[in-house]
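Before any comments, here is the structure.
Numbering (this note's numbering), first residue to last: 189 to 710.
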């Protein structure tokens with residue numbers, strides 16, 4: 189008979205561990221998501237501008253207003269609800285509000301992931317391993333202020349609903365309706381629910397009700413401001429031939445230049461392969477393995493889908509490792525006290541480190557931005573935004589057609605529209621043609637014939653990183669500098685409109701100081 193005092197001690201240790209888990213899920217990781225990614229994604233600016241347009245016009249965007257090359261073209265902004273919500277939050281609470289909202293959604297996503305792991309594994313060690321491995325990638329790589337955070341949440345919700353009763357699972361496809369208003373990733377949700385139905389068949393169950401709800405919920409996604417045009421727009425986006433070349437994250441694992449993503453895919457591939465081989469009940473519980481396999485295949489074809497793989501692997505890994513642990517267990521299923529103590533100490537250390545990071549490193553040591561600490565970058569953003577040049581253009585009231593780096597096109601639209609129209613911004617898969625994307629790439633690389641490309645589109649101004657090939661090739665008699673800082677140079681064409689700026693800079697060709705970037709955005 190077990191000693192009551194020892195049993196009580198083990199129970200107290202387990203309760204402490206569960207409490208620390210709750211703190212980890214609802215405090216530490218959301219704070220991590222909140223502060224790690226103060227990186228201002230290039231897409232954010234256009235989402236905010238579209239949200240402001242929705243508020244001002246009381247309608248979703250239907251034609252482009254911001255690019256001089258795509259002016260008037262149809263624009264199906266399939267992330268319209270995210271854009272509206274993001275702008276409303278920003279208008280009311282500023283960038284801190286956007287980060288707080290992102291953190292709360294991160295908390296909900298982490299809670300779903302932990303729930304999915306906990307429902308399939310009694311072992312604290314298995315839960316810890318699976319949950320922390322998954323959240324390591326989801327939080328640190330996924331939680332920028334972009335619409336895809338809702339896709340991460342909904343997919344983690346699917347992983348959780350797999351463990352619930354049949355009625356909840358049958359009704360789950362109806363999350364597709366709000367999902368379709370927030371992000372185009374809802375099409376992946378349709379595919380995942382289809383795989384769940386296949387898994388139900390393989391497990392000896394009839395998925396007729398699930399399929400009926402799936403068909404009705406899929407049809408309901410036509411209830412949106414664009415109607416069926418939403419589907420055609422998403423289909424065009426996914427089949428755009430130049431998308432994989434333009435965005436390295438969309439490339440397959442064997443060509444992508446993102447080592448961190450490739451390494452993560454290899455890690456999950458090895459884990460899933462090993463656990464699958466050892467899981468003798470994989471046919472009985474086929475659905476999690478089908479979803480994990482789909483996530484692995486998707487990530488191999490496009491490394492960007494590592495985040496989906498990290499979420500979809502949770503039910504399979506947790507269930508498989510728990511069954512493997514049960515077969516090899518020699519005693520009680522309760523964790524040993526020594527293991528619990530070590531695990532508790534590791535969690536306390538993690539929480540203390542995160543607290544020091546959040547409350548000391550960020551507000552007190554801002555000379556070392558989080559972007560540099562986490563991503564090895566010199567600035568807190570994905571790119572160094574041309575704040576000084578934008579301020580110069582706005583203060584001088586400059587108007588015109590501006591050719592710029594695509595990654596800062598949305599930033600310039602947010603700060604300078606409608607006085608300035610850009611050539612291209614991050615919506616290149618939505619409103620720009622593959623030929624225009626190719627022309628942009630060729631001119632930016634200053635390949636032979638770049639002058640003809642600029643003549644073709646006739647921009648008035650060039651705003652380029654000082655180290656870019658086009659900046660070095662273009663500056664001369666035809667394109668003259670009117671502003672320069674350590675990061676960017678602004679070149680004006682031969683139009684008399686800019687003659688005064690050209691003369692002013694020629695008299696005093698100083699390099700402006702690098703403008704400080706605020707920690708919070710925009």
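The C-beta atom is built at its ideal place from N, Cα and C for all residues, glycine as well. Note that this is a predicted model, so its numbers are computed, not measured.
Item to complete: Below 8 Å CB to CB, which residues in the same chain sit around residue 703 once its five sequence neighbours on both sides are set aside?
Response: Here residue 703 is taken as the residue at index 515 of the chain shown, counted from 1. Excluding residues within five positions, the ones whose Cβ falls inside 8 Å are 575, 576, 579, 673.
Item to complete: Check whether the segment 293-302 touches the segment 458-471, counting contact only when three or more Cβ pairs, one atom from each stretch, lie closer than 8 Å.
Response: no
Item to complete: Using the Cα positions of residue 410 and residue 272, report the straight-line distance between them to the nearest angstrom.
Response: The residue you call residue 410 lines up with position 222 of the chain shown. The residue you call residue 272 lines up with position 84 of the chain shown. Roughly 19 Å between the two C-alpha positions.
Worksheet item: Roughly how many angstroms lie between the CA atoms of residue 655 and residue 675, to the nearest whole one?
Response: Stepping through the chain shown from its first residue, residue 655 is reached at position 467. Stepping through the chain shown from its first residue, residue 675 is reached at position 487. C-alpha separation (whole angstroms): 8 Å.
Discussion item. Which residue marks the beginning of the alpha helix (DSSP H) containing residue 240, and which one marks its end?
Written reply: Residue numbering aside, residue 240 sits at position 52 when the chain shown is read from its first letter. Note, residue 240: alpha helix (DSSP H), 232-245.
Worksheet item: Alpha carbon to alpha carbon, what distance is there between residue 352 and residue 363?
Response: Position 175 of the chain shown holds residue 363. Position 164 of the chain shown holds residue 352. Cα to Cα, residue 363 sits roughly 15 Å from residue 352.
Discussion item. Between the alpha carbons of residue 386 and residue 406, how many angstroms are there, rounded?
Written reply: To locate residue 386, count along the chain shown from 1; it is residue 198. To locate residue 406, count along the chain shown from 1; it is residue 218. Going by the C-alpha atoms only, they are around 17 Å apart.
Worksheet item: Using 8 Å as the threshold, is the segment 369-376 in touch with the segment 267-283, meaning 3 or more CB pairs across them?
Response: yes
Discussion item. Please report the distance separating the alpha-carbon of residue 700 from that of residue 658.
Written reply: In the chain shown, counting from the first residue as 1, residue 700 sits at position 512. In the chain shown, counting from the first residue as 1, residue 658 sits at position 470. Distance between the alpha carbons of residue 700 and residue 658 is about 21 Å.
Discussion item. Quick check on residue 394: does DSSP put it in helix, strand or coil?
Written reply: The residue labelled residue 394 in the question sits at position 206 within the chain shown. In this structure, residue 394 counts as coil in the three-state DSSP scheme.
Worksheet entry | Continuous alpha helix (DSSP H) assignments of at least 4 residues falling wholly in the segment 447-502 | 447-466, 474-489
Worksheet item: Nearest-angstrom Cα distance between residue 313 and residue 261?
Response: What you label residue 313 is simply residue 125 of the chain shown in a count that begins at 1. What you label residue 261 is simply residue 73 of the chain shown in a count that begins at 1. So the two alpha carbons sit approximately 55 Å from each other.
Worksheet item: Can the beta-carbon of residue 471 be found closer than 8 Å to that of residue 350?
Response: Here residue 471 refers to the residue found at position 283 of the chain shown. Here residue 350 refers to the residue found at position 162 of the chain shown. For residue 471 and residue 350, no; Cβs fall outside 8 Å.
Worksheet item: Are residue 499 and residue 326 closer than 8 Å when you measure CB to CB?
Response: Locating residue 499 in the chain shown gives position 311, where the first residue counts as 1. Locating residue 326 in the chain shown gives position 138, where the first residue counts as 1. Yes. Within cutoff.
Worksheet item: Can you give, in chain order, each stretch of the alpha helix (DSSP H) that sits fully within the segment 325-363 and has at least 4 residues?
Response: 336-349, 354-359
Discussion item. In this structure, how does DSSP classify residue 606 when only helix, strand and coil are distinguished?
Written reply: Taking the first residue of the chain shown as position 1, residue 606 is located at position 418. Residue 606 falls in the coil class under three-state DSSP.
Item to complete: Tell me, to the nearest whole angstrom, how far the beta carbon of residue 475 is from that of residue 384; I am working on the premise that it is less than 8 Å.
Response: Sequence index remark: in the chain shown, residue 475 carries index 287 (1-based). Sequence index remark: in the chain shown, residue 384 carries index 196 (1-based). At roughly 5 Å, the Cβ-Cβ gap stays under 8 Å, so residue 475 and residue 384 are in contact.
Worksheet item: Pairing CB atoms from the segment 493-512 with CB atoms from the segment 314-325, are three or more of them under 8 Å?
Response: yes
Fill in: Inter-stretch contact (C-beta, 8 Å, three-pair minimum) for the segment 611-631 and the segment 583-596
yes
Fill in: Three-state secondary structure assigned by DSSP to residue 652
Counting from one through the chain shown, the residue named residue 652 turns up at place 464. Residue 652 falls in the strand class under three-state DSSP.
Worksheet entry | Minimum C-alpha distance to residue 140 - residue among 510, 357, 315 | Not covered by the structure: residue 140. The range shown for the chain is 189 to 710.
Worksheet entry | Beta carbon of residue 598 nearer than 8 Å to that of residue 649 | For the purposes of this step, residue 598 is taken as residue 410 along the chain shown, with counting starting at 1. For the purposes of this step, residue 649 is taken as residue 461 along the chain shown, with counting starting at 1. No, these two residues do not count as a Cβ contact at 8 Å.
Discussion item. Distance check for residue 682 and residue 338, CA to CA, integer angstroms please.
Written reply: Walking along the chain shown from the start, residue 338 turns up at place 150. Walking along the chain shown from the start, residue 682 turns up at place 494. Cα-Cα distance, rounded: 47 Å.
Worksheet item: Which residue from 480, 416, 488, 643 puts its Cα closest to that of residue 449?
Response: Stepping through the chain shown from its first residue, residue 449 is reached at position 261. Comparing Cα positions, the closest option is 488.
Item to complete: Tell me whether residue 676 sits in a helix, a strand or coil according to DSSP, three-state version.
Response: Residue mapping note: residue 676 aligns to position 488 of the chain shown, counting from 1. In the structure shown, residue 676 sits in a strand (DSSP, three-state: E or B).
Practice prompt. Measure from the alpha carbon of residue 305 to the alpha carbon of each residue in 627, 638, 629, 508, then state which is nearest.
Written response: Locating residue 305 in the chain shown gives position 117, counting from the first residue. Closest option to residue 305, Cα to Cα, is 508.
Worksheet item: Quick one: what's got a C-beta closer than 8 Å to residue 394's C-beta in the same chain, skipping five residues either side?
Response: Numbered from its first residue, the chain shown carries residue 394 at position 206. Counting only Cβ-Cβ distances below 8 Å, and skipping sequence neighbours, we find 388.
Worksheet item: To the nearest angstrom, how far is it from the Cα of residue 335 to the Cα of residue 630?
Response: Working through the chain shown from its first residue, we reach residue 335 at position 147. Working through the chain shown from its first residue, we reach residue 630 at position 442. Each residue's Cα considered, the two are about 30 Å apart.
Fill in: Helix, strand or coil at residue 416 [DSSP, three-state]
Translated into the one-based positions of the chain shown, residue 416 becomes position 228. Coil, per DSSP.
Discussion item. Between the alpha carbons of residue 275 and residue 310, how many angstroms are there, rounded?
Written reply: Working through the chain shown from its first residue, we reach residue 275 at position 87. Working through the chain shown from its first residue, we reach residue 310 at position 122. Answer to the nearest angstrom: the Cα atoms are 42 Å apart.
Fill in: Three-state secondary structure (DSSP) of residue 776
As displayed, the chain neither begins before 189 nor continues past 710, which places residue 776 out of reach and without an answer.
Worksheet entry | For residue 584 and residue 423, the rounded distance between their alpha carbons | Position 235 of the chain shown, counting from 1, holds the residue named residue 423. Position 396 of the chain shown, counting from 1, holds the residue named residue 584. When rounded, the distance between both Cα atoms is 43 Å.
Worksheet entry | Neighbour-count burial assignment, residue 485, 16 or more Cβ in a 10 Å radius | Along the chain shown, one-based indexing puts residue 485 at 297. By the 10 Å Cβ count, residue 485 comes out exposed.
Discussion item. Could you check whether residue 344 and residue 301 sit closer than 8 Å to each other, using their CB atoms as the reference points?
Written reply: For the purposes of this step, residue 301 is taken as the residue at position 113 of the chain shown. For the purposes of this step, residue 344 is taken as the residue at position 156 of the chain shown. Yes. Within cutoff.
Discussion item. Quick check on residue 330: buried or exposed, where buried means 16 or more other Cβ atoms within 10 Å of its Cβ?
Written reply: Locating residue 330 in the chain shown gives position 142, where the first residue counts as 1. The residue in question, residue 330, is buried, as its Cβ has 16 or more Cβ neighbours within 10 Å.
Item to complete: Give the single residue among 458, 446, 671 whose Cα lies nearest to the Cα of residue 712.
Response: Here the chain comprises residues numbered 189 to 710, so residue 712 is not present and cannot be evaluated.
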